[in-house]
Amino acid sequence: MKYWQPNMNNAHMFSAHKDEAIRGLAFAPTDVKFATASDDGTARVWDFARYSEERVLRGHGAEVRCIDWHPTKGLLVTGSRDTQQPVKIWDPKTGSCLATLQEHKSSVMAVEFNKNGNWLLTGGRDHLVKLYDIRMMKEVKTFRAHKKEVICEFEEGHLDMTDIQASGRPGRETFGHPDLLTDR
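The end of the sequence shown is residue 191 by our numbering, with every number in the run present.
Structure representation (structure tokens):
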């Protein structure tokens, strides 16, 4: 894994995850840290300043496919191929798993917090997108608008969901849901 400076100079090469694929990366919003998700079944926290691995997050029973950093609370969320423990929320400072969300029945391919951190989206191979209110650690909505694997993201106050392979052909279709994501 290589860390590049804005001028495209290679600042450092990190040796990570025992030659297994890195599936996801997330930058810490207020720190000089980043996190990786890998096929070795772990997520790892890295320090830019020291060019070092800080912590290994273990607990998924299969490949970790995606990762995101909470915008204000310093938490990490991971999505996995582990159908028993598909989504986990972590304290990256201690390596502790704070919560396991088990509503998906298949691999989770996408996780993302919204900008204020109150909402969490997960998208999976079960063709579902799930919306959680993390203040209560509760699923509040399931979207079933897809026939293929789903990726999802928050953008400008609305939710975009994309079929990895829409309508049986390569390509993407995006669905916006601007009225669903207002804080109460």
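The beta carbon of each residue, even a glycine, is placed where N, CA and C say it ideally should be.
Since the structure is predicted, the reported quantities are computational estimates derived from the model, not experimental observations.
Check: Beta carbon of R30, beta carbon of A42: below 8 Å?; Outcome: no
Check: Please report how far the alpha carbon of S49 lies from the alpha carbon of G102, in whole angstroms.; Outcome: The displayed chain sequence assigns Thr, not Ser, to residue 49. C-alpha separation (whole angstroms): 11 Å.
Check: So, helix, strand or coil for D133, using DSSP?; Outcome: coil
Check: At the level of alpha carbons, what is the spacing between T37 and P93?; Outcome: 27 Å
Check: Let's test the definition: count the other Cβ atoms within 10 Å of the Cβ of D26 and tell me whether it reaches 16, buried, or not, exposed.; Outcome: exposed
Check: In its own chain, which residues sit with a C-beta less than 8 Å from the C-beta of K100, not counting the 5 before and 5 after it?; Outcome: R62, G81
Check: Taking just the CA atoms, how far does T85 sit from V115?; Outcome: 9 Å
Check: So the beta strand (DSSP E) D98 belongs to, where does it begin and stop?; Outcome: 94-98
Check: Should S45 be labelled buried (16 or more other beta-carbon atoms within 10 Å of its own) or exposed?; Outcome: buried
Check: Given A28, which residues of its chain have a CB within under 7 Å of its CB, disregarding the five upstream and five downstream residues?; Outcome: S45, D46
Check: Between the C-alpha atoms of E110 and S59, what's the straight-line distance to the nearest angstrom?; Outcome: 34 Å
Check: Between T79, L83, L108, F150, which has its C-alpha nearest G143's C-alpha?; Outcome: Inspection of the sequence shows that residue 143 is occupied by Met rather than by Gly. Residue L108 is the option with its Cα nearest to M143.
Check: How long is the line joining the alpha carbons of L128 and H134, rounded to whole angstroms?; Outcome: 13 Å
Check: Could you please give me the residues that DSSP links to A33 through a beta bridge?; Outcome: A42
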